[in-house]
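Start counting the sequence shown at 36; every next residue gets the next number (our numbering).
We put the beta carbon where it would ideally sit given N, CA and C, even for glycine.
Nothing here was measured: the structure is a model prediction, and the numbers come from that model.
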Amino acid sequence: MSEARRPLVVAVGLKAEARVAARIAGARVVAGGGDSRRLAVALESACAGACGVLSFGIAGGLDPALAPGTSFLAREVVAPDGTRFPADARLVRALGLPDAVFAGVDAAVGSADEKRTLRLATGASLVDMESHVAARTAARFGLPFAALRVVADPAGAELPHAALVAMRPDGGIALSPLLRSLARDPRQIVGLTRAAFAARAAFKSLFRGGQALALGLPDFGELVLDMPAEDEFGRPLPV
36 MSEARRPLVV AVGLKAEARV AARIAGARVV AGGGDSRRLA VALESACAGA
86 CGVLSFGIAG GLDPALAPGT SFLAREVVAP DGTRFPADAR LVRALGLPDA
136 VFAGVDAAVG SADEKRTLRL ATGASLVDME SHVAARTAAR FGLPFAALRV
186 VADPAGAELP HAALVAMRPD GGIALSPLLR SLARDPRQIV GLTRAAFAAR
236 AAFKSLFRGG QALALGLPDF GELVLDMPAE DEFGRPLPV
């Protein structure tokens with residue numbers, strides 16, 4: 036397989052993120068659905084013959100100054116065990132987006148207190164459930180790693196329980212757990228509505244980020260060769 040045709044493995048959590056990532060030429064998209072072990076196994080298989088690994092999607096804000104829709108590339112990713120994985124700085128420079136530290140978690144962080152504690156422990160500005168898995172897999176294969184994430188729920192927001200239980204293993208929406216949670220506490224509707232508006236703003240930015248990556252991918256390919264061995268949617272978006 037020629038270098039120019041080697042795929043870029045893209046790790047996402049949600050099916051909606053996968054639809055955006057699929058627009059990137061040469062992308063081999065893997066959805067984790069909030070299950071870090073499942074994602075790790077899928078990435079192991081997908082990385083054969085790849086040119087690099089990208090974590091792509093929405094994230095939770097840890098920095099109180101960040102509003103929904105704010106985009107960042109990772110400077111480094113902090114795994115739950117404290118391991119820090121650096122991202123490829125050349126891609127950050129090529130795309131011209133701001134960079135930040137990302138925190139990786141294996142379980143959703145929904146409360147403002149949890150986000151505050153995680154920020155103090157890691158110094159991270161964003162949190163997601165795929166970047167640390169993607170970074171670790173890239174390191175294992177000696178592939179360059181990058182992460183592009185957009186803030187969905189800000190640091191001060193409390194994600195309702197219904198939103199936290201609504202992800203299926205394939206990255207789709209689990210309606211039954213969501214509806215059961217709402218039946219137990221209908222007051223969550225207000226929080227879900229806020230989260231939906233924030234998610235829509237995040238996906239608009241994510242779509243633009245995907246377009247930038249699609250345009251910047253040839254540059255990324257050139258960077259990979261220099262590395263040492265080492266629609267906006269008209270349909271509803273997930274909460």
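Task: Spatial distance of I208 from G68 (CA atoms) - done: Cα-Cα distance, rounded: 9 Å.
TODO: Please state whether DSSP places A285 in a helix, a strand or coil.
DONE: Residue 285 falls outside the range modelled here, since the chain spans only 36 to 274, and no answer is possible.
Task: V168 versus S160, G158, F180, residue with shortest Cα-Cα distance - done: Of the candidates S160, G158, F180, F180 places its Cα closest to the Cα of V168.
TODO: Could you name the residues that DSSP lists as bridge partners for S90?
DONE: Bridge partners of S90: A46, A182.
Task: Whether P195 touches A230 by CB criterion (8 Å) - done: Against a cut-off of 8 Å, the Cβ pair of A230 and P195 comes out as a contact.
Open item on the list: Three Cβ pairs or more, each shorter than 8 Å: is that satisfied between the region 88-108 and the region 235-243?
Closed with: The region 88-108, when compared against the region 235-243, does touch it at the 8 Å Cβ threshold.
- [ ] Look at A187 and S160 and say whether their C-beta atoms are less than 8 Å apart.
- [x] Not closer than 8 Å, so no.
TODO: Classify R229 as helix, strand or coil using the three-state DSSP reduction.
DONE: In the structure shown, R229 sits in a helix (DSSP, three-state: H, G or I).
Open item on the list: Between the alpha carbons of R215 and R110, how many angstroms are there, rounded?
Closed with: A straight-line Cα-Cα distance of about 39 Å links R215 and R110.
Task: Exposed unless 16 or more other CB atoms sit within 10 angstroms - verdict on E79 - done: Burial call: exposed.
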